[in-house]
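K.L.:
Sequence positions in the sequence shown follow the working numbering and run 540 to 741.
Using N, Cα and C, we set each Cβ at its ideal position, and we do this for glycine too.
From a predicted model like this one, the values you see are computed outputs, not experimental measurements.
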Amino acid sequence: MTNYSVMGQIQAMLHRLRRVAIRGIAVFALVSAPLMPTSAGQDDPALAGLFKLLRTSTEGIQAQILQNQIWVIWHQHDDPDVSRLMDRGIRAMHEADYPVALAAFDAVTELDDQFAEGWNKRATLYYLMGDYDRSVLDIQKTLELEPRHFGALSGLGLINMALDRKDAAIAAFEQTIAVNPHATGARQNIEMLREAQKRERI
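Set out below in structure tokens:
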């Protein structure tokens with residue numbers, strides 16, 4: 540039996556998360572630009588060490604710094620044209636100019652279909668547009684290229700939440716935590732989903 544109050548809470552939370560996602564895009568764009576490294580995205584060997592530290596870190600501030608460093612590396616690209624398109628797409632997405640953002644991210648994936656963050660940014664855009672099917676396809680491509688992408692895994696969980704696929708959402712959030720134990724949002728979502736499942740059984 541469906542508990543409508545619980546579903547209402549989930550929908551309200553998803554609405555808030557969309558607003559947070561848009562604000563986060565702007566914050567990331569601001570903090571990443573001056574720190575941009577020069578090697579290759581998800582293939583950067585520095586990521587292995589950062590993920591190891593992230594899994595073992597017990598300090599919240601240190602964990603946040605590590606996550607930011609990982610995002611910076613994911614975002615960078617050797618080709619200045621790709622970098623410019625990424626920046627244009629992020630700005631447009633923040634301004635809710637979705638057609639411009641989509642054109643930019645489409646171009647990124649065409650210029651380099653092995654660049655995981657290009658697919659992830661377009662997946663984020665499709666999520667904000669409510670096009671969950673296309674978002675999932677781009678998430679799958681992101682994870683094919685970068686299985687550790689905790690942002691893509693979390694996004695998959697949010698989509699499954701929106702579609703009321705609780706078991707699939709929990710599985711995606713558990714994968715997120717396995718990669719990034721400091722993903723507190725994923726932990727909170729798991730708790731809420733399990734509580735919703737308990738209420739539905741009553």
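So, at 8 Å on beta carbons, what are the nonlocal neighbours of residue 639 in its own chain, with the 5 sequence-adjacent residues on each side left out?
P.N.:
If we look at residue 639 and ignore the five residues flanking it on each side, its Cβ neighbours are 627, 628, 631.
K.L.:
If you draw a straight line from the C-alpha of residue 690 to the C-alpha of residue 663, how long is it?
P.N.:
Using only the alpha carbons, I get a separation of about 9 Å.
K.L.:
Roughly how many angstroms separate the alpha carbons of residue 705 and residue 738, rounded to a whole number?
P.N.:
If I take the Cα positions, the gap works out to 13 Å.
K.L.:
Nearest-angstrom Cα distance between residue 733 and residue 695?
P.N.:
The alpha-carbon atoms of residue 733 and residue 695 are separated by roughly 17 Å.
K.L.:
Tell me which residues share the same chain as residue 644 and place their Cβ nearer than 7 Å to its Cβ, disregarding the 5 neighbours each side in the sequence.
P.N.:
Excluding sequence neighbours, residue 644 sits near 628, 657, 660, 661, 664.
K.L.:
Who are the near neighbours of residue 720 in its chain, counting only those whose CB is closer than 7 Å to its CB and skipping five residues on each side?
P.N.:
For residue 720, where only same-chain residues beyond five positions count, the Cβ hits under 7 Å are 594.
K.L.:
Can you tell me whether residue 685 is buried or exposed? The criterion is at least 16 other CB atoms within 10 Å of its CB, across all chains shown.
P.N.:
The residue in question, residue 685, is buried, as its Cβ has 16 or more Cβ neighbours within 10 Å.
K.L.:
Since residue 715 and residue 722 are thought to touch, with beta carbons under 8 Å apart, how far apart are those beta carbons, to the nearest angstrom?
P.N.:
With 8 Å as the limit, residue 715 and residue 722 qualify as a contact, their Cβ atoms being about 5 Å apart.
K.L.:
What first and last residue would you give for the alpha helix (DSSP H) that runs through residue 702?
P.N.:
It is not in any alpha helix (DSSP H) - residue 702 carries neither H nor E in the DSSP assignment.
K.L.:
For residue 655, does the count of other Cβ atoms within 10 angstroms reach 16, so buried, or fall short, so exposed?
P.N.:
Buried, by the Cβ-count rule.
K.L.:
What's the C-alpha gap between residue 580 and residue 724?
P.N.:
Taking the straight line from one Cα to the other gives about 25 Å.
K.L.:
Nearest to residue 610 by CA position, among 727, 589, 650, is which residue?
P.N.:
Comparing Cα-Cα distances from residue 610 to each of 727, 589, 650, the minimum goes to 589.
K.L.:
Can you check whether the CB of residue 586 is closer than 8 Å to the CB of residue 605?
P.N.:
Their beta carbons are not under 8 Å apart, which means residue 605 does not touch residue 586 by this criterion.
K.L.:
What are the start and end residues of the alpha helix (DSSP H) that includes residue 728?
P.N.:
First-last of the alpha helix (DSSP H) with residue 728: 723-740.
K.L.:
Helix, strand or coil, according to DSSP, for residue 659 in the structure here?
P.N.:
Residue 659: helix per DSSP, three-state reduction.
K.L.:
Measure the Cβ-Cβ separation of residue 647 and residue 668 and say whether it is below 8 Å.
P.N.:
Not closer than 8 Å, so no.
K.L.:
Can you grab the Cα-Cα spacing for the pair residue 599 / residue 710, in whole Å?
P.N.:
Computed Cα separation, rounded: 24 Å.
K.L.:
Kindly indicate which residue of 666, 683, 601 has the alpha-carbon position closest to the one of residue 635.
P.N.:
It is 666 whose Cα lies nearest to the Cα of residue 635.
K.L.:
Given a cut-off of 8 Å on the beta-carbon distance, is the pair residue 651 and residue 612 in contact?
P.N.:
Not in contact: residue 651 and residue 612 (Cβ atoms no closer than 8 Å).
K.L.:
With DSSP run on the structure shown, which of helix, strand or coil describes residue 708?
P.N.:
Here residue 708 sits in helix by DSSP.
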